[in-house]
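Novice: Quick one: structure below, then a few questions.
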Amino acid sequence: MVLCPGVGEARPEDAISTEDMRAYEINAEHLGVSIELLMENAGNAVASLVECLLGGARGARVVILAGKGGNGGDGVAAARRLAARGARVEVHLSHPSGEVSHPAARTMLRGLRASGVPVLEPGSPGWLDLGGVDAVVDALLGIGVKGGLRGGVKAAAEAYNRSAGLKASVDVPTGVDPDTGEAVEGAVRSDYTVSMHRPKKGLFKGSAPLYAGEVLTAEIGIPWGAEHYAGPGDLAARIPRRPRDAHKGVGGRVLVVGGSSEYVGAPILAALAAYAAGVDLVYLASPFSREAALARPEIVPRRLEDAVMTVERVHSVVAGPGMGGEGEELLMQVLAASRERGVPVVVDADGLKTLARRGGSLWGEAVLTPHRGEAKLLLGGEDLPPLKAAREIAARYGATTVVKAPVDAVCTPEGRCRESPWGAPEMSVGGTGDVLAGVIAGFLARRRALGLPPDPLNTAAAALYTVGRAGEVLVAEEGMVHPARLVEAVKRVAAGRGT
Ligand SMILES: NC(=O)C1=CN([C@@H]2O[C@H](COP(=O)(O)OP(=O)(O)OC[C@H]3O[C@@H](n4cnc5c(N)ncnc54)[C@H](O)[C@@H]3O)[C@@H](O)[C@H]2O)[C@@H](O)CC1
Ligand SMILES: [K+]
1 MVLCPGVGEA RPEDAISTED MRAYEINAEH LGVSIELLME NAGNAVASLV
51 ECLLGGARGA RVVILAGKGG NGGDGVAAAR RLAARGARVE VHLSHPSGEV
101 SHPAARTMLR GLRASGVPVL EPGSPGWLDL GGVDAVVDAL LGIGVKGGLR
151 GGVKAAAEAY NRSAGLKASV DVPTGVDPDT GEAVEGAVRS DYTVSMHRPK
201 KGLFKGSAPL YAGEVLTAEI GIPWGAEHYA GPGDLAARIP RRPRDAHKGV
251 GGRVLVVGGS SEYVGAPILA ALAAYAAGVD LVYLASPFSR EAALARPEIV
301 PRRLEDAVMT VERVHSVVAG PGMGGEGEEL LMQVLAASRE RGVPVVVDAD
351 GLKTLARRGG SLWGEAVLTP HRGEAKLLLG GEDLPPLKAA REIAARYGAT
401 TVVKAPVDAV CTPEGRCRES PWGAPEMSVG GTGDVLAGVI AGFLARRRAL
451 GLPPDPLNTA AAALYTVGRA GEVLVAEEGM VHPARLVEAV KRVAAGRGT
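Read in order, the letters of the sequence shown are residues 1 to 499 in full-length UniProt numbering.
Printed below as a string of structure tokens:
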């Protein structure tokens, strides 16, 4: 590995998806680290690598090929830093400068004006003339690439591949898919690729290594908490937006099984919360589903005895709210049917008591949502702090486990964990647990309806942030949390992408 300041080894086990990167970026901003700062750090890392590889920046002729998105922004920041170190730098844009689409990249371009670096647009004399360059940087496309190379990007990639200078790509080689590693025609071939924060998964797949050259990573200041804590990035990046031309079915369908002679409201709240999370259709199987549907016509009633056969129609299931002790057999049948059909299931409330009594091993796409009392039951009486309890229950029952507490914790059976500090003490009111179960199931369904992997850990994190934030909004506006109002607030937070 080349030894240069500011860059490190890229290990496949550290690789992340574009979805992860988008989530971390937004979470970082929420935690006080701005995108501009991340972009500046990315540019600095690229500048330092080029300087190091050339054995010094002073007098070197360097051309930065910059696209109109964030990747181009990294390149523009690198140009300013290299110029400040004495390099003869030019920026060649793939597009007219007025078309820069990324707000932070626009800031970088403004900052470049005062640095004396020439900025060449398509059609201007010398555009894509890379004769005599010592180094050329591909900052054309990063994780925002879509489809085959077009327009100025295509022309710039051709010039790059013909150039005799040292070649370095920013984040990913332009034209290589950051998730799958597939390369489109005309993709750039580089000597080095410096991937921001962590290597992107696609860099290790398929033919990507032929295009990337040596893959390095640059630490750009994304704090640990942006990955560990649930945040608005999880909602924005992991829960798909509904396409504008959405037809029925793209939002997913959820089945809620619960209720008993004693408890009526819990499964209804879960059903309404699933709707608030954006799904198309919620079935309710309970002893009073007809009455529930008369009061709330959006709920599609199912007889309790039809619950098992309804599993095959849905993208996720909530089982347990308000079930009492009456539904033990049914719960076990619903779990078996969900597992058999690969439908993710959220087990809450009385469902958890049944599991604690019967034991048994679930699967990673089952999500248990105990509060601390239920966690203790699941652990046979042992009282552990939330994070430890979530880890232990997840391992013991083989299911992703959310332990609800002032700082919620969620862990997978393999021991990957996240926490969520959002929310308010006023949320201890009855019914918030039912809302959370409904939102987790709703988000799981929305991913599955679009063919995305359910990813229960991060999907649960998105739900924990959403419900916690909804509680904060309510407390700020109304001074209290009423469960039915919480459903409304969830709808607003989920639709507003977290703000
Ligand atoms: N996510 C993060 O935390 C950070 C991202 N940064 C940089 O920002 C990049 C992501 O920025 P963006 O989301 O703006 O995406 P990109 O910069 O990858 O590109 C998006 C732009 O390229 C155009 N485009 C897409 N596919 C094209 C094609 N095939 N032919 C021609 N044009 C095409 C799009 O219209 C869009 O305007 C990352 O790869 C990274 O380099 C860094 O600045 C630092 C922080
Ligand atoms: K690139």
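Note that CB positions come from ideal geometry on N, CA and C, so glycine has one too. Computed from a predicted structure; not experimentally measured.
What did DSSP end up calling ALA293 once you bin it into helix, strand or coil?
Specialist: Helix, per DSSP.
Novice: Considering only heavy atoms of ligand 1, does any lie closer than 8 Å to the CB of ALA28?
Specialist: yes
Novice: Taking just the CA atoms, how far does GLU329 sit from ILE143?
Specialist: 48 Å
Novice: Thinking just about the alpha-carbon of each residue, which of ALA389, LEU112, GLY252, LEU486 is nearest to the one in GLU419?
Specialist: ALA389
Novice: Note the first and the last residue of the continuous alpha helix (DSSP H) segment covering ALA154.
Specialist: Ala is not the amino acid found at residue 154; the sequence shown has Lys there. Here the alpha helix (DSSP H) through LYS154 covers 151-162.
Novice: Does any residue of chain C bring its CB to less than 9 Å from the CB of GLY438?
Specialist: Considering every chain present, this structure includes no chain C. It has just one protein chain.
Novice: May I ask you to report which of helix, strand or coil DSSP gives VAL50?
Specialist: helix
Novice: Count the other CB atoms, across all protein chains shown, that sit within 10 Å of the CB of ALA104; report buried if there are 16 or more and exposed otherwise.
Specialist: buried
Novice: Taking its Cβ as the centre, do 16 or more other Cβ atoms sit within 10 Å of GLY131, making it buried, or is it exposed?
Specialist: exposed
Novice: When every heavy atom of ligand 2 is checked, does at least one fall within less than 8 Å of the C-beta of ASP171?
Specialist: At least one heavy atom of ligand 2 sits closer than 8 Å to the Cβ of ASP171.
Novice: What first and last residue would you give for the beta strand (DSSP E) that runs through ILE64?
Specialist: 61-66
Novice: For the putative contact between LEU49 and HIS92, defined by C-beta atoms under 8 Å, what is the C-beta separation to the nearest angstrom?
Specialist: With 8 Å as the limit, LEU49 and HIS92 do not qualify as a contact, their Cβ atoms being about 19 Å apart.
Novice: For the alpha helix (DSSP H) holding ARG238, just list the boundary residues, first then last.
Specialist: 232-238
Novice: Measuring CB to CB, does ARG396 end up less than 9 Å from CYS411?
Specialist: Not in contact: ARG396 and CYS411 (Cβ atoms no closer than 9 Å).
Novice: If contacts are defined as beta-carbon pairs under 8 Å, then ASP20 and ALA42 qualify, I think. What distance do you get, rounded to the angstrom?
Specialist: Rounded, the Cβ-Cβ distance is 16 Å, inconsistent with contact.
Novice: Among residues of its own chain, excluding the 5 on either side of ALA155, which ones have a beta-carbon nearer than 7 Å to its beta-carbon?
Specialist: LEU128
Novice: Take every Cβ of the segment 463-474, pair it with every Cβ of the segment 420-437, and state whether three or more of those distances are shorter than 8 Å.
Specialist: yes
Novice: Is the beta carbon of LEU272 less than 9 Å from the beta carbon of VAL314?
Specialist: no
Novice: Hey, quick one: how far does the alpha helix (DSSP H) through LEU109 stretch, first residue to last?
Specialist: 103-113
Novice: Mind checking whether GLY152 and SER94 have CB atoms under 9 Å apart?
Specialist: yes
Novice: According to DSSP, PRO301 sits in a beta bridge with which residue or residues?
Specialist: LEU284
Novice: Name the two residues that bound the continuous alpha helix (DSSP H) containing ARG253.
Specialist: From DSSP, ARG253 is part of no alpha helix (DSSP H) but of the beta strand (DSSP E) over 253-257.
Novice: Nearer than 8 Å: is that true of the beta carbon of VAL50 relative to any heavy atom of ligand 1?
Specialist: Not one heavy atom of ligand 1 falls within 8 Å of the beta-carbon of VAL50.
Novice: Among GLU214, THR180, LYS201, which has the Cα closest to the Cα of VAL194?
Specialist: GLU214
Novice: Would you report the Cα separation of VAL403 and SER260, rounded to the nearest angstrom?
Specialist: 24 Å
Novice: Does the segment 269-284 come close enough to the segment 439-449 to have 3 or more Cβ pairs within less than 8 Å?
Specialist: yes
Novice: Would you call the segment 262-269 in contact with the segment 307-323, where contact means no fewer than 3 C-beta pairs closer than 8 Å?
Specialist: yes
Novice: Are GLY233 and ARG22 close, meaning C-beta to C-beta below 9 Å?
Specialist: yes
Novice: So, for ASP455: in the same chain, excluding its five sequence neighbours on each side, which residues have a beta-carbon less than 8 Å away from its beta-carbon?
Specialist: ARG238, ARG447
Novice: Taking the alpha-carbon of ARG80 as reference, which of GLY116, GLY181, GLU51 has the nearest alpha-carbon?
Specialist: If we check each option's Cα against that of ARG80, GLY116 comes out closest.
Novice: Would you say GLY147 touches ligand 1, meaning its beta carbon is less than 8 Å from a heavy atom?
Specialist: yes
Novice: Give the DSSP-derived three-state secondary structure of LYS200 in the structure shown.
Specialist: strand
Novice: For the candidate residues GLY359, MET39, GLY8, whose alpha-carbon lies nearest to that of GLY221?
Specialist: MET39
Novice: Is it buried or exposed for LYS146, if we count other Cβ within 10 angstroms and need 16 for buried?
Specialist: exposed
Novice: Looking at C-beta atoms only, is the number of pairs between the segment 194-214 and the segment 7-21 that lie closer than 8 Å three or more?
Specialist: Yes, the segment 194-214 touches the segment 7-21.
Novice: Pick helix, strand or coil for LEU225, following the three-state DSSP scheme.
Specialist: At residue 225 the sequence reads Gly, which differs from the Leu that was named. Of the three classes helix, strand and coil, the one that applies to GLY225 here is helix, per DSSP.
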